[in-house]
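Protein sequences appear in the order of chains R and S.
Note that this note's numbering has the first sequence beginning at 1098, numbered continuously upward.
Note that this note's numbering has the second sequence beginning at 98, numbered continuously upward.
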Amino acid sequence: MELKIVENREIAKNTFSLKIENPALFDIKPGQFFMVRINGFNYPLLRRPFSVANFTGNYIEIIYRVVGEGTKILTDKKVGEFIDLLGPLGNGFDEIAENKKIMLVGGGIGAAPLIYLSSVLKNRHKTPYEAFFGFNSKDEIYVDFGSIATMDGSSGFDGNVVDMIEDRLNEDTFIFACGPTIMMKRLAYVCYDKGCGMKVSLESRMACGIGVCLGCVVESQNGFKKVCEDGPVFDFREIVWQAM
Amino acid sequence: MASNVNLTVKLGNLIFKNPVLTASGTFGYGVEYKKYMDLDKLGGFIVKGLSIVEKQGNKPPRIVETPSGMLNAIGLQNVGVDRFINEKLPKLKDVNSHIIANIYGTSVDEFVGIVEKLENEGLVSAYEVNVSCPNVAQGGALFGKNPDNVFELTSAVKNITDKPVIVKLTPNVDDISIIALAAQDAKADAVSLINTITGMVIDTKTKKPVLANKTGGLSGPAIYPVGVRMVYEVYEKVKIPIIGVGGIYNSGVALQYIMVGASLIEVGTANFIKPDITVEIIEGIRRYLDEENINSIGDIVGIAHI
Ligand SMILES: Cc1cc2nc3c(=O)[nH]c(=O)nc-3n(C[C@H](O)[C@H](O)[C@H](O)COP(=O)(O)OP(=O)(O)OC[C@H]3O[C@@H](n4cnc5c(N)ncnc54)[C@H](O)[C@@H]3O)c2cc1C
Ligand SMILES: Cc1cc2nc3c(=O)[nH]c(=O)nc-3n(C[C@H](O)[C@H](O)[C@H](O)COP(=O)(O)O)c2cc1C
C-alpha cells in the first residue's frame, strides 16, 4: 500500500514524527504496527516494523528513533513522497480491564504506541488512566502528558521509570507497557512481585511481519510465539523472561 | 492486448501454468498469503518444510539482516505433517495452483513416513525433498553433502510415490553437479537449487555471533549470482529439469535462471518484502517474451549455453 507522506520532522533529539495520509481503508488498534518499506529493492532489504503512535481521520502517525541505516534513510523522505506500508499488523492492546487502575508505562521510543492507546482510552473507552514515561534525558522527550522520569535527572523523576512507579503497584493495577526489553523484563519481575496485571508490547527482529518467516519468535510458556502475529502485545505471564 | 506467449511448463505428469513457484519457508502454508494475492496466479507454491512430528525450531535470535540479504536459523519450526493435513490443507481446497510439499527428516525412514502420510492427499501435487538436513545415522553430516546418501534417500522416496519428486540441493558443497547427478541416477523428476549459503554475523558489542545458532543460511538478492552459476553448472551435467532458486526479486533475475537452464523458478525472501512480488515477476516474464517475440518460455531454457 503506497501512501503519501504529509509530515516528517524531528520532534525531539533523534526522534521523528512521520505522518502518512489515512487511506480510510481500515481501523487500527493501539499496539498494532506497520512494516514500512524504506527503499525499493535492494538496500536496505527488509521492511522495518513501527507501531502506530496516533491515528486520526486525516493521518497515521509513526514516531521513530534514528538508530541505524534504515531509520537514517527514513529521515530523508519528503512530504508528498509515497511510502510503502504493510499493515496494520499484530494483535494490539485489546481487552481493556476497565475495573482496574490502568497505568501506561513507556520507555524511550516505547512510549510511541502508548500515545495512541491513551487517546483511545480517553475518547473511546472513557476510562481513567495514569501515564509514566522514562527517557534518557530531557531533550529526548516527545510526549506532552504523563509523569516523566529521566536517567540523567534533567526532567521529572531522577532515575528509571520502573523505580518511579514501583511503590504504586498492587493487585488492582493493570499496566500497558512498551519499552526496551531489559526494562520490560525488570517490570515483569516487579509485576510478579506486586501481583499486578500487565500487557506488554515486545520487539524482535522480523523479516516478514505476517507470520511466515518465523524469525521473530520469543519463548513463551507454551513454546515459541511470533511477535508479529501472536503479538506484539502479550500478557506478561505468557513470556519466559529468563530467556529474554 | 492479450498476450499469447506460452508460459506453461511440464514437469513429470504435471503442467504448471507458468514457471513461477514460491520457495519453502518463505510462503508459510500458502494460506497466509491469500489476503495479499491470488494464489491461483502462481505456477505453484512450496510449503514450509514438513517433518514427521511438529518441530519447535531454534532459540532466538533467528534472523539478522545483511547487505541485500538475510541470515536465518529458524531450525525448521513447523506444525508437522499431521497438522498440515488436518489444519492447513483443508484451507487450500479451492486453490487452483500446484501445492508442493517440502519435506524434511533426519533419517530415510522419516522422509518415507512423511510421504506415506501425504500420498493420499490429492491436493499435494509433488514433493520437494530438502536434503540440507543432518543425517542422524551418519553422525549428523548433511544428507545433501554426500552423493550416496542423496541417492539412497531419493530412491527410497521414489519407490513409494508416483508424484513427481524434486530434490532440493544445498550449495554448501564442492561440486553441486555431482549431487545433482546422484539425484538423477535415483530417478528424481527434477532438482531445485540453491538452498541457503551458510554464513555468520558477529555482534561487536557482545563479541559473539548474533544468531543463537551461531551460523545461519544466507538468502536474498545478494546470493543470486551464486545460484545462477550453480544452475549453469548443473545444466551442463544433468538431463532432468532444474528449478532455479536463490535471490530472485524481479523478472530479470528469474530470466537469468531460466537462460542458464532452469525450467521453473522459486521466489523466496522477496515474498517477505513484497507479498505479491510473484505476480509482478510473472507479468515481467510475459512482457519480456512478448517484446522479444519469443513464443514459448521453453525456447529460452538454457539458451545461455549455446
Ligand atoms: C512491533 C514493533 C514495533 C516497533 N515500533 C517502533 C516505533 O514505534 N518507533 C521506533 O522508533 N522503533 C520501533 N520499533 C523498532 C524499529 O523497528 C527499529 O528501531 C528499526 O527496525 C531499526 O532499523 P534501522 O535500519 O534504523 O536499524 P539497524 O540496526 O540498521 O537495523 C538492522 C536490522 O535490525 C532490525 N532491528 C534493529 N533494531 C530493532 C528493534 N529494536 N526491533 C526490531 N528490529 C530491529 C531492523 O529492522 C533491520 O532489519 C518497533 C519494533 C517492533 C518489533
Ligand atoms: C526464513 C527462511 C526459511 C526457510 N525454510 C526452508 C525450509 O523449510 N525448507 C527448505 O527447503 N528451504 C527453506 N528455506 C530456503 C529457501 O526456500 C530458498 O532456497 C533460499 O532462501 C534461497 O532463495 P531466496 O534467496 O529467494 O530466499 C528458507 C529460507 C528462509 C529465508
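Note that the Cβ used here is the ideal one computed from N, Cα and C, for glycine as well.
Keep in mind the model is a prediction, meaning the values are calculated, not measured.
Near ligand 2: residue i beta-carbon under 6 Å from a heavy atom
i                  : result
Asn-310 of chain S : no
Ser-121 of chain S : yes
Lys-145 of chain S : yes
Asn-269 of chain S : no
Thr-366 of chain S : yes
Lys-107 of chain S : no
Val-342 of chain S : yes
Thr-293 of chain S : yes
Asn-199 of chain S : yes
Ile-382 of chain S : no
Which of helix, strand or coil DSSP assigns to residue i
i                   : result
Met-98 of chain S   : Residue confidence for Met-98 of chain S is low, a pLDDT of 47 falling below 50, so the modelled location carries little weight; the figure read from the coordinates is stated next. If DSSP states are grouped into helix, strand and coil, Met-98 of chain S belongs with coil.
Ile-370 of chain S  : helix
Gly-141 of chain S  : strand
Tyr-1140 of chain R : coil
Ser-165 of chain S  : coil
Glu-333 of chain S  : helix
Arg-1302 of chain R : coil
Ala-234 of chain S  : helix
Thr-119 of chain S  : strand
Ile-112 of chain S  : strand
Ala-359 of chain S  : strand
Ile-379 of chain S  : helix
Pro-306 of chain S  : strand
Ile-339 of chain S  : strand
Lys-265 of chain S  : strand
Lys-1110 of chain R : coil
Leu-1311 of chain R : coil
Ile-1245 of chain R : strand
Met-134 of chain S  : coil
Leu-1122 of chain R : coil
Ile-1336 of chain R : strand
DSSP beta-bridge partners of residue i
i                   : result
Thr-295 of chain S  : S:Gly-314
Phe-1179 of chain R : R:Lys-1101
Lys-152 of chain S  : S:Asn-175
Leu-1115 of chain R : R:Asn-1105 and R:Ile-1159
Ala-223 of chain S  : S:Ile-197
Leu-1201 of chain R : R:Ala-1228 and R:Phe-1273
Glu-1316 of chain R : R:Phe-1321
Ile-211 of chain S  : Ile-211 of chain S is not bridged to any residue.
Met-1261 of chain R : Paired residues: none, contrary to the question.
Ala-287 of chain S  : S:Ile-263
Interface residues of chain R facing residue i [CB-CB closer than 9 Å]
i                  : result
Phe-142 of chain S : Under the 9 Å cutoff, chain R gives no residues; its nearest Cβ is about 11 Å from Phe-142 of chain S.
Asn-169 of chain S : Ala-1304, Cys-1310, Leu-1311 and Gly-1312
Proximal chain S residues relative to residue i, where beta-carbon distance stays under 9 Å
i                   : result
Cys-1325 of chain R : Neighbours of Cys-1325 of chain R on chain S: none; closest Cβ ~11 Å, over 9 Å.
Val-1146 of chain R : It is worth fixing the name first, because residue 1146 of chain R is Pro in this sequence and not Val. Under the 9 Å cutoff, chain S gives no residues; its nearest Cβ is about 12 Å from Pro-1146 of chain R.
Val-1337 of chain R : None at all; the shortest Cβ gap to chain S is about 11 Å.
Arg-1134 of chain R : Ile-370 and Lys-371
Residue i Cβ short of 6 Å to ligand 1 heavy atom set
i                   : result
Gly-1165 of chain R : yes
Arg-159 of chain S  : no
Leu-1143 of chain R : yes
Pro-1329 of chain R : yes
Ser-1148 of chain R : yes
Ala-1228 of chain R : no
Tyr-1161 of chain R : yes
Ile-1212 of chain R : no
Glu-207 of chain S  : no
Arg-1302 of chain R : yes
Ile-345 of chain S  : no
Neighbouring residues, chain R, relative to residue i (Cβ below 7 Å)
i                  : result
Met-297 of chain S : Residues of chain R passing the Cβ test: none, with the nearest at roughly 16 Å.
Pro-322 of chain S : Chain R residues near Pro-322 of chain S: none, gap ~13 Å exceeds 7 Å.
Glu-129 of chain S : Ile-1307, Gly-1308 and Val-1309
Phe-124 of chain S : Val-1309
Glu-389 of chain S : Result: empty, since nearest Cβ-Cβ is about 23 Å, beyond 7 Å.
Contacts of residue i in chain R (Cβ-Cβ under 8 Å)
i                  : result
Arg-326 of chain S : Residues of chain R passing the Cβ test: none, with the nearest at roughly 19 Å.
Gly-166 of chain S : Leu-1142
7 Å Cβ cut-off: residues of chain S touching residue i
i                   : result
Phe-1321 of chain R : Gln-153, Gly-154 and Gln-174
Arg-1162 of chain R : Ordered by position in chain S, no residue passes the 7 Å Cβ test against Arg-1162 of chain R, which lies about 18 Å from the chain.
Check whether the region 1251–1265 of chain R and the region 1136–1145 of chain R touch, using three or more Cβ-Cβ pairs below 8 Å as the test. no
Using 8 Å as the threshold, is the region 1289–1299 of chain R in touch with the region 1227–1237 of chain R, meaning 3 or more CB pairs across them? no
Would you call the region 1154–1168 of chain R and the region 1107–1118 of chain R in contact, with 3 or more CB pairs under 8 Å? yes
Indicate whether the contact test is met: 3 or more Cβ pairs, each with one atom in the region 1298–1316 of chain R and one in the region 1269–1281 of chain R, closer than 8 Å. yes
Could you tell me whether the region 298–309 of chain S touches the region 318–334 of chain S, where touching means 3 or more Cβ pairs closer than 8 Å? no
For the 8 Å Cβ check, are there 3 or more pairs between the region 1167–1176 of chain R and the region 1202–1212 of chain R? no
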